[in-house]
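When we follow our numbering, the leftmost residue of the sequence shown carries the number 19, and every step to the right adds one.
A virtual CB, placed ideally from N, CA and C, is assigned to each residue, including glycine.
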Amino acid sequence: MPSPWPGAGAVPQALEFYEEGEHAGLLFHSPHSILFQDVVYPTAMHLFEAHKFLDHRPDLAERIRRCERIEEVTAISAELADFARRDWENISLVMMDEVLYLKFCQHGDLGTLLLNTYPADLVHADSRDPFWGLGVGVSMNELGESLMRVRERLRAERSDVIS
Numbered sequence: 019m020p021s022p023w024p025g026a027g028a029v030p031q032a033l034e035f036y037e038e039g040e041h042a043g044l045l046f047h048s049p050h051s052i053l054f055q056d057v058v059y060p061t062a063m064h065l066f067e068a069h070k071f072l073d074h075r076p077d078l079a080e081r082i083r084r085c086e087r088i089e090e091v092t093a094i095s096a097e098l099a100d101f102a103r104r105d106w107e108n109i110s111l112v113m114m115d116e117v118l119y120l121k122f123c124q125h126g127d128l129g130t131l132l133l134n135t136y137p138a139d140l141v142h143a144d145s146r147d148p149f150w151g152l153g154v155g156v157s158m159n160e161l162g163e164s165l166m167r168v169r170e171r172l173r174a175e176r177s178d179v180i181s
């Protein structure tokens, strides 16, 4: 049976994505807003970082949401680290999956872009970030891993619609 996702067979075994280029929309800080609980967040990163505070310090979450630049988001979030949810370390990857899922559901073109990467391993080619990207030496590539989990979720949902 042919794949319902055009171009799925032409994807390399590993696909590296960068700040620029055709797959830059996969990044959590790409300029694609996300609607969450009737509030618009400028990027997935804004929402992800705000989640550290939404339940117990909505004022801090709002401060992050209003940041105009990504660099401000990370700086303020680091500054407020003492106020983050106590369980953040345990739930952060699940939260990233959920935030990215919202992003790719709300932006159909990006959802299609992500689906068309199948079956490639996704690699966030950021040598400065050993956790979310490749880093130097030890690499976790957690953004790539999260994107692949979201891609599988979208594929499962869309295969239910297709069949």
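Residue burial classification, residue i (beta-carbon count within 10 angstroms, cutoff 16)
i	result
Ala-62	buried
Gly-129	buried
Pro-76	exposed
Glu-170	exposed
Asn-159	buried
For residue i, the three-state DSSP class (helix, strand or coil)
i	result
Phe-149	coil
Val-168	helix
Ala-62	helix
Leu-72	coil
Ser-21	Residue placement at Ser-21 is poorly supported in this model, since its pLDDT is 43, which falls under 50; the coordinates are not used for a value here.
Val-91	helix
Ala-26	For Ala-26, the predicted model reports a pLDDT of 48, less than 50, meaning its position is unreliable and no value from the coordinates is stated.
Nonlocal neighbours in the same chain, by C-beta distance under 7 angstroms from residue i, ignoring five residues either side
i	result
Pro-30	Ala-138
Ala-143	Glu-34, Phe-35, Tyr-36, Gly-151, Leu-152
His-64	Ile-82, Arg-83, Cys-85, Val-91
Nonlocal neighbours in the same chain, by C-beta distance under 6 angstroms from residue i, ignoring five residues either side
i	result
Thr-92	none
Leu-140	Leu-33, Gly-162, Leu-165, Met-166
Residues that residue i bridges to, as DSSP identifies them
i	result
Asp-139	Ala-32
Val-57	Phe-54
Residue i Cβ short of 7 angstroms to the ligand GTP heavy atom set
i	result
Arg-171	No copy of the ligand GTP occurs in the structure displayed, which carries no ligand at all.
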